[in-house]
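**Q** Sharing a structure, written as structure tokens. Questions coming.
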Amino acid sequence: MPLSVDSRRAGDLVILTCRGRLVEGAESSMLQKYLDEAIARCPRVVLHMGGVDFMDSSGLGLLARYLIRVRNAHGNLKLCAVSAKFDEVLRTTKLRSIFETYASEADAIAAFDQPAAAPSTPRGL
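Read in order, the letters of the sequence shown are residues 1 to 125 in the working numbering.
Below is the structure:
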């Protein structure tokens, strides 16, 4: 299934809900466009990954690059509804230590009001 992205505001956050495949090409370009628009409006982004059924290395690289970009803009990118398979990819690639992941969208939103979490700021991934 091709990637679809829905964008909405929740207070001072932007929530992007993704469905489908996040792979190199049109799908990665589409998410990049949505992330660029979100960061321009507000560098506090929740990326709802519950509907993503496949991600290649290009998609993973895109998320890592935008995490750096958002943090450089004094914001953050939090992932929610991450599948067990994607969570294992994050662990295997050691990216789990830099991404904040949450079981639900509500948990990710609430985390923006909490003190900064332990994940380190990625530098030059």
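We put the CB at the ideal spot given by N, CA and C, even for glycine.
Computed from a prediction, not measured in an experiment: that's the story for all the values here.
1) Counting along the chain, where does the beta strand (DSSP E) carrying phenylalanine 54 start and finish?
2) Hey, quick one: how far does the beta strand (DSSP E) through isoleucine 15 stretch, first residue to last?
3) With DSSP as the reference, label valine 82 as helix, strand or coil.
4) Going by the CB atoms, is the gap between leucine 13 and valine 46 shorter than 7 Å?
5) Please determine, among Asp53, His74 and Leu60, the residue with the shortest C-alpha to C-alpha distance to methionine 1.
6) Note down, in chain order, each residue of its chain lying with its Cβ closer than 8 Å to the Cβ of glutamate 27, except the 5 sequence neighbours on either side.
7) CA-CA distance, arginine 96 and valine 89?
8) In whole angstroms, what separates the C-alpha of glutamine 126 from that of valine 23?
9) Grouping DSSP H, G and I as helix and E and B as strand, with all else coil, what is threonine 93?
10) If you draw a straight line from the alpha carbon of serine 7 to that of tyrosine 34, how long is it in whole angstroms?
**A** With the structure as the only source:
1) Annotation: the continuous beta strand (DSSP E) that includes phenylalanine 54 extends over 44–55.
2) For isoleucine 15, the uninterrupted beta strand (DSSP E) run begins and ends at 13–22, by DSSP.
3) Assigned with DSSP and collapsed to three states, valine 82 falls in coil, not helix or strand.
4) Pairing valine 46 with leucine 13 gives a Cβ-Cβ distance under 7 Å.
5) Minimum Cα distance to methionine 1 is reached at Asp53.
6) Within the same chain, Cβ atoms closer than 8 Å to the Cβ of glutamate 27 are found at Pro2, Leu3, Gly20, Arg21 and Gly59, the five residues on either side in sequence being excluded.
7) Going from the Cα of arginine 96 to the Cα of valine 89 covers about 8 Å.
8) No answer is possible for residue 126: it lies beyond the span of the chain, which begins at 1 and ends at 125.
9) It is coil, neither helix nor strand.
10) Distance between the alpha carbons of serine 7 and tyrosine 34: 8 Å.
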